[in-house]
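Here is the structure we will look at.
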Amino acid sequence: MSQNLPRGAAVLGVGAYRPPRVVDNEEICRSIDSSDEWIRTRSGITSRRWAEDDETLDVMATGAATGALADAGVDPAALGMVLVATCTDPQPVRPLAVRVAAALGTEVPALTINATCAGFCYGLGVARDLVRAGTAEHVLVVGAERLTDITDHQDRATAFIFADGSGAFVVGRAEEEGVGPVVWGSDGARGEVLGLAPDWAAFRRDPALGRPAIEMQGRRVFKWAAEQMPKVAEAACKAAGVTLADVDVFVPHQANQRITEAMVKALQLPASVVVADDIATAGNTSSASIPLALHRLRTEGRARPGDRALLIGFGGGLVYAAQVITVP
Ligand code: COA
28 MSQNLPRGAA VLGVGAYRPP RVVDNEEICR SIDSSDEWIR TRSGITSRRW
78 AEDDETLDVM ATGAATGALA DAGVDPAALG MVLVATCTDP QPVRPLAVRV
128 AAALGTEVPA LTINATCAGF CYGLGVARDL VRAGTAEHVL VVGAERLTDI
178 TDHQDRATAF IFADGSGAFV VGRAEEEGVG PVVWGSDGAR GEVLGLAPDW
228 AAFRRDPALG RPAIEMQGRR VFKWAAEQMP KVAEAACKAA GVTLADVDVF
278 VPHQANQRIT EAMVKALQLP ASVVVADDIA TAGNTSSASI PLALHRLRTE
328 GRARPGDRAL LIGFGGGLVY AAQVITVP
């Protein structure tokens, strides 16, 4: 590789796919004993998007990818790698990333990542390193989920939270560094607070157990995220050589508005920092939530080109990842 090529990596474009079907809290309360007020005050969610049967992960991921490529002005032929984060692919033996690459008309290396709600930030961390190492000139990073497929819609602990959608970034070579080093990790010892129950093996042995669905110990997840994630966010700023005072936009995984508020408080972010609030109308879309939230902030003009954005993903596993980016 020529030594004159820039060695920085930056986000060049952002794309989103939101299923058209809006499901409000009244509709959720037809299946669980709850209320619009309880859901709004406990989670910040007023409505969410649910995919129809024909809005497969492939449709949503390819839609978000196409949008990000158009926004970046990058042709699929210029991609060196397709990374797709998901924890809801029903066809893992034909990985989603490979299907998305094919839908885009390219045969480049394609890798599906499962780091649950941290999956997008994991993918972005890998993309940055691939670009900086010169392995790829452009990398597509997608987060795509159909969480409604693995939600028990009669479970009042989870039915109001999870939703569907996809978001994507194109990462490419740049003169100026636009993606800071990723700070990431896992905490498997505490993993039992969030998972599928029963798991697929148990269900296969005994279908009477019922179809696998997300089971969550909400309070414990909340405590872990609110206590541990501010430290990770701070470490990501340090790794990028900036301080929290340099952050213009905060885009945490849209898990729950109260977790976001707890992090904002712990980090003492000033009121001037724009804080993503996409969860209000998107619900929790796991790996898709961060690019979806940034897409909205850019579209609404609340995040502007050149702004410094702090991203942090966290979720089942438990896993987490954070980095600072420059908004394209
Ligand atoms: N509607 C109405 N009441 C409900 C309810 C619902 N959907 N779910 C639980 N309740 C009730 C409980 O029965 C309980 O009643 P009680 O006090 O009379 O016993 C009360 O609300 C509190 O239950 P609890 O489960 O302790 O609620 P909570 O305050 O912890 O809120 C969550 C529940 C899920 C909103 C909260 O724990 C949370 O946000 N956790 C993090 C979840 C998350 O972000 N997950 C994604 C990770 S990627």
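Read left to right, the sequence shown gives residues 28 to 355 (my numbering). C-beta: ideal position from N, C-alpha, C; glycine also.
Span separating the alpha-carbon of D176 from that of E242
As a position in the sequence shown, residue 176 is number 149, starting the count at 1. As a position in the sequence shown, residue 242 is number 215, starting the count at 1. Computed Cα separation, rounded: 13 angstroms.
Tell me the rounded alpha-carbon separation between E219 and R247.
For the purposes of this step, residue 219 is identified with residue 192 of the sequence shown, where counting begins at 1. For the purposes of this step, residue 247 is identified with residue 220 of the sequence shown, where counting begins at 1. If you draw a straight line from the Cα of E219 to the Cα of R247, it is about 10 angstroms long.
P26 burial status per 10 Å Cβ neighbour count (16 or more: buried)
What the structure shows of the chain is the stretch from 28 to 355, and residue 26 is not part of that stretch, so it cannot be assessed.
Buried or exposed: where does E134 fall if 16 or more other Cβ atoms within 10 Å of its Cβ makes it buried?
As a first step, residue 134 must be located in the sequence shown, where it is residue number 107. Exposed, since its Cβ has fewer than 16 Cβ neighbours within 10 Å.
Of the residues L84, V346, Q284, the one placed nearest L221, counting alpha carbons only:
Counting from one through the sequence shown, the residue named residue 221 turns up at place 194. Checked all of L84, V346, Q284; the closest Cα to L221 is V346.
Does the Cβ of R232 have 16 or more other Cβ atoms within 10 Å, making it buried, or fewer, making it exposed?
Mapped onto the sequence shown, residue 232 falls at position 205. Exposed.
Distance cut-off 7 angstroms: N141 Cβ against heavy atoms of the ligand COA
By 1-based counting over the sequence shown, the position of residue 141 is 114. N141: no, Cβ never under 7 angstroms from the ligand COA.
Can the beta-carbon of A336 be found less than 8 angstroms from the beta-carbon of D275?
Taking the first residue of the sequence shown as position 1, residue 336 is located at position 309. Taking the first residue of the sequence shown as position 1, residue 275 is located at position 248. It is a contact, given that the beta carbons lie within the stated cut-off.
Is V209 helix, strand or coil when you go by DSSP?
Translated into positions along the sequence shown, residue 209 becomes position 182. The DSSP-derived three-state label of V209 is coil.
Given the structure, does R67 come close to the ligand COA, in the sense that its CB is under 7 angstroms from one of the ligand's heavy atoms?
Sequence index remark: in the sequence shown, residue 67 carries index 40 (1-based). No - the ligand COA has no heavy atom lying nearer than 7 angstroms to the Cβ of R67.
Closest by CA to C148, which one among A293, D191, I55, A195?
As a position in the sequence shown, residue 148 is number 121, starting the count at 1. Among A293, D191, I55, A195, the Cα nearest to that of C148 is on A195.
How close, in whole Å, do the beta carbons of V169 and S193 come, if the pair is a contact with beta carbons under 8 angstroms?
On the sequence shown, position 142 is the one that residue 169 refers to. On the sequence shown, position 166 is the one that residue 193 refers to. The pair is a contact, with the Cβ atoms about 6 angstroms apart (cut-off 8 angstroms).
Let's test the definition: count the other Cβ atoms within 10 Å of the Cβ of S316 and tell me whether it reaches 16, buried, or not, exposed.
Taking the first residue of the sequence shown as 1, we reach residue 316 at position 289. Buried, because 16 or more other Cβ atoms sit within 10 Å of the Cβ of S316.
Can the beta-carbon of G207 be found closer than 8 angstroms to that of A263?
Here the question's residue 207 lines up with position 180 in the sequence shown. Here the question's residue 263 lines up with position 236 in the sequence shown. Yes, they are a contact pair.
Excluding five sequence neighbours on each side, which residues of the same chain lie with their C-beta closer than 6 angstroms to the C-beta of S213?
As a first step, residue 213 is located in the sequence shown; it is residue number 186 there, counting from the start. Counting only Cβ-Cβ distances below 6 angstroms, and skipping sequence neighbours, we find G344, V346.
Would you kindly report the start and end of the unbroken alpha helix (DSSP H) that includes R200?
Here residue 200 is taken as the residue at index 173 of the sequence shown, counted from 1. First-last for R200: 191-201, but that is the beta strand (DSSP E), not the alpha helix (DSSP H).
Secondary structure, beta strand (DSSP E): runs of 3+ residues fully inside the stretch 120-182:
Along the stretch 120-182, the beta strand (DSSP E) occurs as fully enclosed runs of 3 or more residues at 137-140, 165-173, listed in sequence order.
Contact set for E53: own chain, Cβ-Cβ below 7 angstroms, skip 5 residues either direction:
Mapped onto the sequence shown, residue 53 falls at position 26. Here the set comprises D63.
Where does G344 sit, in a helix, a strand or coil, going by DSSP?
Start at 1 with the first residue of the sequence shown, and residue 344 comes out as number 317. Correct three-state label for G344: coil.
Within the present structure, is the beta-carbon of L174 separated from the nearest heavy atom of the ligand COA by less than 7 angstroms?
If you number the sequence shown from 1, residue 174 lands on position 147. Every heavy atom of the ligand COA is 7 angstroms or more from the Cβ of L174, so no.
Who are the near neighbours of W77 in its chain, counting only those whose CB is closer than 7 angstroms to its CB and skipping five residues on each side?
Here the question's residue 77 lines up with position 50 in the sequence shown. Result list for W77: P46, R48, V50, T175, A190, D191, in chain order.
Helix or strand or just coil, what does DSSP make of M28?
In the sequence shown, the residue the question calls residue 28 occupies position 1. The pLDDT assigned to M28 is 47, lower than 50, so where the model puts this residue is not dependable, and the model offers no usable value.
Can you tell me which of the three DSSP states P47 falls into?
Along the sequence shown, one-based indexing puts residue 47 at 20. Of the three classes helix, strand and coil, the one that applies to P47 here is coil, per DSSP.
Span separating the alpha-carbon of V210 from that of L271
For the purposes of this step, residue 210 is taken as residue 183 along the sequence shown, with counting starting at 1. For the purposes of this step, residue 271 is taken as residue 244 along the sequence shown, with counting starting at 1. Their Cα atoms are separated by approximately 15 angstroms.
For N311, which beta-bridge partners are listed by DSSP?
One-based indexing of the sequence shown puts residue 311 at position 284. Looking at the DSSP assignment, N311 forms a beta bridge with F189.
Using a threshold of 7 angstroms, is the CB atom of N283 nearer than that to any non-hydrogen atom of the ligand COA?
In the sequence shown, the residue the question calls residue 283 occupies position 256. N283: yes, Cβ under 7 angstroms from the ligand COA.
Mind checking who Q350 pairs with in its DSSP beta bridge?
Taking the first residue of the sequence shown as 1, we reach residue 350 at position 323. L338, per the DSSP bridge assignment.
Would A348 and A289 qualify as a contact pair, given that the criterion is a beta-carbon distance under 8 angstroms?
As a position in the sequence shown, residue 348 is number 321, starting the count at 1. As a position in the sequence shown, residue 289 is number 262, starting the count at 1. Not in contact: A348 and A289 (Cβ atoms no closer than 8 angstroms).
Residues near S58 by beta carbon distance below 8 angstroms, same chain, minus five either side
By one-based count along the sequence shown, residue 58 stands at place 31. Once the five neighbours on either side are set aside, the close Cβ partners of S58 are H180, Q181, A186.
Out of P117, M87, P136, Q118, point me to the one whose CA is closest to A104's CA.
Start at 1 with the first residue of the sequence shown, and residue 104 comes out as number 77. Among P117, M87, P136, Q118, the Cα nearest to that of A104 belongs to P136.
Unbroken alpha helix (DSSP H) run spanning E261, endpoints
On the sequence shown, position 234 is the one that residue 261 refers to. Per DSSP, E261 belongs to the alpha helix (DSSP H) from 245-266.
My guess is that I72 and A307 are in contact by the Cβ rule of under 8 angstroms, so how many angstroms apart are they, rounded?
If you number the sequence shown from 1, residue 72 lands on position 45. If you number the sequence shown from 1, residue 307 lands on position 280. Sure, about 6 angstroms apart at Cβ, within 8 angstroms.
So, P332 versus V301, is the Cβ gap smaller than 8 angstroms?
Locating residue 332 in the sequence shown gives position 305, counting from the first residue. Locating residue 301 in the sequence shown gives position 274, counting from the first residue. Pairing P332 with V301 gives a Cβ-Cβ distance that is not under 8 angstroms.
The alpha helix (DSSP H) spanning A272 covers which residue range?
If you number the sequence shown from 1, residue 272 lands on position 245. Where A272 is concerned, there is no enclosing alpha helix (DSSP H), given that its DSSP letter is neither H nor E.
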